[in-house]
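With the working numbering applied, the sequence shown covers 119 to 758. Where is the CB? At the ideal position from N, CA and C, for every residue including glycine.
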Amino acid sequence: MIRQLIALLFLGLSCFAQGNPIQHVVFIIKENRSFDAYFGQFPGANGATSGLISDGTRIPLAHASDPYVHDIGHLWWSAIEVVDGGKMDRFDLNYQGSVQGDYQAYTQMNQDDIPNYWTYAQNFVLADNTFSSQHGPSLPNHIYTIAADAGGMISVPSIPPGKSDSWGCDSPENLIVDYLQPDGTITTGPPCIDIETLGDVMDGAGVSWKYYASPYGVPGYQWSVYNNIDHIRFGPDWDKNIVDNTNFISDALNGNLPSVTWIVAPNGQTEHPPTSTCYGENWTVNQINAIMQGPDWNSTAIFITWDDFGGQYDHVPPPQVDSFGLGPRVPMIIISPYAIPGYISHTQYEFASVLKFIEETFNLPSLTQRDANANDMMDSFNFSQQPLSPLIRSPRTCTVVASATTFGEQLVGTKVTNSVMLFNYGTTDLQVSSIKVSGSQDFTVRGCMKPVVPGGFCDLNIAFQPSQIGPKSAAITVSDNYPGSPQQIAVTGIGSALSSSLPVDSTTFGGLGTLTFPTKKLGQQTEKNITLTNKSSSAITITSVSVVGTDFRQTNNCTGTLQPQASCQVTVVFQPSAGGPRWGQVNIVDSDPGSPHRTRLVGTGAGSTENEEEIAPTRELPDHVDFPEFANRHDGDDDD
119 MIRQLIALLF
129 LGLSCFAQGN
139 PIQHVVFIIK
149 ENRSFDAYFG
159 QFPGANGATS
169 GLISDGTRIP
179 LAHASDPYVH
189 DIGHLWWSAI
199 EVVDGGKMDR
209 FDLNYQGSVQ
219 GDYQAYTQMN
229 QDDIPNYWTY
239 AQNFVLADNT
249 FSSQHGPSLP
259 NHIYTIAADA
269 GGMISVPSIP
279 PGKSDSWGCD
289 SPENLIVDYL
299 QPDGTITTGP
309 PCIDIETLGD
319 VMDGAGVSWK
329 YYASPYGVPG
339 YQWSVYNNID
349 HIRFGPDWDK
359 NIVDNTNFIS
369 DALNGNLPSV
379 TWIVAPNGQT
389 EHPPTSTCYG
399 ENWTVNQINA
409 IMQGPDWNST
419 AIFITWDDFG
429 GQYDHVPPPQ
439 VDSFGLGPRV
449 PMIIISPYAI
459 PGYISHTQYE
469 FASVLKFIEE
479 TFNLPSLTQR
489 DANANDMMDS
499 FNFSQQPLSP
509 LIRSPRTCTV
519 VASATTFGEQ
529 LVGTKVTNSV
539 MLFNYGTTDL
549 QVSSIKVSGS
559 QDFTVRGCMK
569 PVVPGGFCDL
579 NIAFQPSQIG
589 PKSAAITVSD
599 NYPGSPQQIA
609 VTGIGSALSS
619 SLPVDSTTFG
629 GLGTLTFPTK
639 KLGQQTEKNI
649 TLTNKSSSAI
659 TITSVSVVGT
669 DFRQTNNCTG
679 TLQPQASCQV
689 TVVFQPSAGG
699 PRWGQVNIVD
709 SDPGSPHRTR
719 LVGTGAGSTE
729 NEEEIAPTRE
739 LPDHVDFPEF
749 ANRHDGDDDD
């Protein structure tokens, strides 16, 4: 113990001698937001306010609802698909990138939506060229934050309902994840690996560290990723260095922070869609306030980032430094008394850049080529400036339900239901007293009439059954005992006369559904048909039928006039050119009010062609994994 104290004292004196006064680094990792989704409107930053969709059209990035209505695909395959070789134009083809025509992937927040994050960026440093370390998703990117590597892991496991939220070595379930091998094949194995981490290096150098996360058995434990490192989960570091995240504020206020800290938020406050940005920002503000009010502010550097893009649009193509990434761009805010005030760093960063900063600050060796080659973030600091004062911010009152949901085009007489979550961010039970619908009577709503416990949620089940063709709208007013009541949800939909032979579910683009193909080896093809029928008493003129997606093509007999009750057919051929999930869509432009009509196309490629080495999955892969945020906290009622 005395030897470690001497080593720490020497390191502190060494840092000051080298002109770097940082003795404490705090790395805060949030969830699933792209840079353009949060800071696309930030003055001076490389942001965008419009984006390309898969048919080549540019659309404005609409104002994002908070909370979001639904999650969006953000797996390894999703990131590769949306980047589209650098075109950044297929976010709408991604799983739930546009549900019922909502184009949620193409939405963004403004200053009023994230006022505290915006204030931090204005007064400290906003880095607008930070990328996730891997194409996706969350779990391997979190491992990069501790190891500059993920041992080849490229996926997250799914968790059986009601089970522990462990995604690591102590999981009681037989979980498996995907691993990308050096030869490009994909294999599976347990999410327990044994690679060197920064914690190991700091142990050897006598540098103190802690990882603050939700403990075992508590939702959110899946982000405690030192649990994915076998020798740490079952070694002495686990009890010494892995700490309940509820202890962070008191440790910061009392000057008990180690030299290096990682902290991940509790469930529901990570900002993982559809959970609230406001609620997550409040948690972040509370942690930063504690640092600023504690005795270590003048020697601290705070890095806030988001672990992956969450399926949300970003316009900057990620550089490819190796076969794993970089992944799409994410926000990064740097807060310190020595951060250059108001600076926007355009230097290329990734999660390994934070590790590089730590290594240089505490004179540690590199872990991998990633952190060895990463930019060290020192351009964002001026260690000779007058130290900046603490900037204490106040948490906000958050909206408990999404402000809008859309149903796209739906066949007249058919019924489709969207679930909108109502969250309780308060400290007492949330009690809804009434739910009223004003406007079109084609919308109905039920659910959430029983108390919702603090931290819980319930589902408002909103149904749309158009009685005639044309656009419909209504406002749903939810009266309750939460501050800001009543809450309002704007709902829209379009009654359509064009029907499809495909089943419709809540994740499709609209009334024409999803066409799913069986897994095929690369180069092999299969075809399926879509039958379109005019259900109205008037003719529909179909102007064009086209297909988007590298591995899909179509023929049809639909162009021209489709008489009442008449049908036509679109034949879609799937021929995968690469392994993994492959996505596309059929676009139909016509005279019906629901035009353009879209059908989502889903297929999976497996194997490889003789002349082409491709990623070759050993099993059929999903195009999404359900988000885990509230898997064990459904405390409300959705059946009233």
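(request) State the Cα-Cα distance for the pair PRO178 and ARG208, rounded to the nearest angstrom. (result) 15 Å
(request) Ignore the nearest five residues each way along the sequence and tell me which others in LEU241's own chain have a CB closer than 8 Å to its CB. (result) For the sequence presented, residue 241 should be read as Asn rather than Leu. Excluding positions up to five away in sequence, the list reads PRO459, GLY460, LEU506 and LEU509.
(message) Could you check whether the stretch 365 to 380 touches the stretch 320 to 330, counting it as contact only if at least three pairs of C-beta atoms, one from each stretch, sit closer than 8 Å?
(response) yes
(message) So ILE453 and TYR238 are supposed to be a Cβ contact under 8 Å. How far apart are they, rounded?
(response) 6 Å
(message) Taking the straight line between their C-alpha atoms, what separation do you get for GLU314 and PRO354?
(response) 15 Å
(request) Would you mind listing the alpha helix (DSSP H) stretches within the stretch 287 to 324 that are 4+ residues and don't spill past its ends, in chain order? (result) 316 to 323
(message) Less than 8 Å between the C-beta atoms of ASN359 and TYR329, yes or no?
(response) yes
(request) Ignore the nearest five residues each way along the sequence and tell me which others in ALA419's own chain have a CB closer than 6 Å to its CB. (result) ILE140, VAL143 and SER454
(message) PHE427 and VAL448 - do their beta-carbons sit closer together than 8 Å?
(response) yes
(message) Taking 8 Å as the cut-off, does the stretch 175 to 191 touch the stretch 680 to 692 (at least 3 CB pairs, one atom from each stretch)?
(response) no
(request) Enumerate in chain order the residues of its own chain whose CB-to-CB distance from GLU645 is below 6 Å, with the five nearest sequence positions on each side excluded. (result) THR689 and VAL691
(message) I'd like to know whether the C-beta atoms of PRO436 and VAL201 end up nearer to each other than 8 Å.
(response) yes
(request) Can you tell me which of PRO333, ILE272 and GLY678 puts its alpha carbon nearest to the alpha carbon of CYS310? (result) ILE272
(message) At the level of alpha carbons, what is the spacing between ASP288 and ALA265?
(response) 19 Å
(request) With distances taken Cα to Cα, identify the nearest neighbour of TRP194 among HIS433, PRO337, PRO446 and GLN583. (result) PRO446
(message) What does the Cβ neighbour count give for LYS638, buried or exposed, with the cut at 16 atoms within 10 Å?
(response) buried
(message) The beta strand (DSSP E) that contains SER685, what's its start and end?
(response) 685 to 692
(message) Residues in the same chain with beta-carbon distance under 7 Å from THR673, minus the five sequence neighbours each way, listed in chain order, please.
(response) THR689
(request) Leaving out five residues on either side along the sequence, give the residues of the same chain with a beta carbon under 6 Å from the beta carbon of GLN770. (result) Limits of the chain in this structure are 119 at one end and 758 at the other, which puts residue 770 out of reach.
(request) Tell me where the beta strand (DSSP E) around MET410 begins and ends. (result) MET410 -> not in any beta strand (DSSP E); alpha helix (DSSP H) instead, spanning 395 to 411.
(request) Have a look at PRO711 and ASP560 and give me their C-alpha separation to the nearest angstrom. (result) 16 Å
(request) Return the CA-CA distance between ALA608 and GLN643, expressed in angstroms with no decimal places. (result) 43 Å
(message) Would ILE587 and SER614 qualify as a contact pair, given that the criterion is a beta-carbon distance under 8 Å?
(response) yes
(message) Check whether the stretch 468 to 475 and the stretch 246 to 264 are in contact - that is, three or more C-beta pairs closer than 8 Å.
(response) yes
(request) Return the CA-CA distance between LEU630 and ASN164, expressed in angstroms with no decimal places. (result) 37 Å
(request) Pick out whichever of THR546, SER618 and ALA581 has its Cα sitting closest to the Cα of ASP598. (result) THR546
(request) For GLY602, I'd like the list of residues in its chain whose CB is within less than 7 Å of its CB, leaving aside the five on either flank, ordered along the chain. (result) THR515 and THR517
(request) Determine the contact status of LEU485 and ASP267, defining contact as a CB-CB distance below 8 Å. (result) yes
(message) Spatial neighbours of ALA684 within its chain, please: C-beta separation below 6 Å, excluding the five flanking residues on both sides.
(response) ASN652
(message) Alpha carbons only, please: which of ASN385, ILE462, ILE171 and SER417 is nearest the one belonging to GLY335?
(response) ASN385
(request) Output the residue ranges of the alpha helix (DSSP H) runs that lie fully inside the stretch 481 to 516 and measure 4 residues or longer, sorted by chain position. (result) 487 to 491
(message) Relative to the C-alpha of ALA155, which candidate in TYR431, ASP440 and GLY611 has its C-alpha closest?
(response) TYR431
(message) If I follow the unbroken beta strand (DSSP E) through ARG351, where does it start and stop?
(response) Not the beta strand (DSSP E): ARG351 falls in the alpha helix (DSSP H), residues 348 to 351.
(request) Please classify GLN605: does DSSP put it in a helix, a strand, or coil? (result) strand
(request) Note down the Cα distance separating SER512 from ASN407, rounded to an integer number of angstroms. (result) 9 Å
(message) For ARG718, count the other beta carbons within 10 Å of its own beta carbon; 16 or more makes it buried, fewer makes it exposed. Which is it?
(response) buried
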